[in-house]
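Peer 1: Per my numbering, the sequence shown starts with residue 6, numbered consecutively.
Where a beta carbon is used, it is the ideal one built from N, C-alpha and C, also for glycine.
The model shown is predicted, which means the values in this text are computed figures rather than measured ones.
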Amino acid sequence: MNSQSSPVVLLHLRRLDRFFKHQGLHSTAHTLERESMVYFDAAHLQKLVKDGRWEAAGTYLKGFSPLWEGEGTTQHYTSFLHKMQHHTMLAFLACRGKEGGHAASSLFWSNDDAFRKKFPEIAERNDLYRSMVSAQARASVNWEDIKLRTLEER
6 MNSQSSPVVL LHLRRLDRFF KHQGLHSTAH TLERESMVYF DAAHLQKLVK DGRWEAAGTY
66 LKGFSPLWEG EGTTQHYTSF LHKMQHHTML AFLACRGKEG GHAASSLFWS NDDAFRKKFP
126 EIAERNDLYR SMVSAQARAS VNWEDIKLRT LEER
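Below, the structure written as structure tokens:
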């Protein structure tokens, strides 16, 4: 739920949620909780990641960014969000066939040694993206391993 939502709106959402649960409409209640951002549903995030829906997972996670304001938690949240964006890019490059290969070849990348020394992880990630030009490289991405590692790092 965004930080500008009024207490009255929150009260109505909670009443609706309680009503749906009382009527046995648990799926509807969970959808309301998730989409109104009243409740962070970790199981929903896990399902999105397991299904390889990286962009949807990142969007869902970004909606709760105010929850991660604080010492230490912001860095953990930002790191996880960057992983989600990385996997979104990999999925785009690896799963789009020739279109992904063309996108990989057109990525701007400076092979500057000073940049590589200062930001080795970013340089390595960009090298991986650029390697997706070949169909063989795109086919070699182990999505199950990526999904498991992402879930473990969450």
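#1: Quick check: what's the CA-CA separation for residue 6 versus residue 18?
#2: Count the other CB atoms, across all protein chains shown, that sit within 10 Å of the CB of residue 16; report buried if there are 16 or more and exposed otherwise.
#3: Compute the Euclidean distance between the alpha carbons of residue 12 and residue 59, then round it to the nearest angstrom.
#4: Assuming contact is defined by CB atoms lying nearer than 9 Å, are residue 42 and residue 98 in contact in what I supplied?
#5: Does the CB of residue 106 have a neighbour CB from chain D at under 9 Å?
Peer 2: So, to answer that:
#1: Here residue 6 scores only 47 on pLDDT, less than 50, and its place in the model is too uncertain to base an answer on.
#2: Answer is exposed; the Cβ neighbour count stays below 16.
#3: Just so you know, the alpha carbons of residue 12 and residue 59 end up roughly 32 Å apart.
#4: It is not a contact, given that the beta carbons lie outside the stated cut-off.
#5: Here chain D cannot be found, since the structure has a single protein chain.
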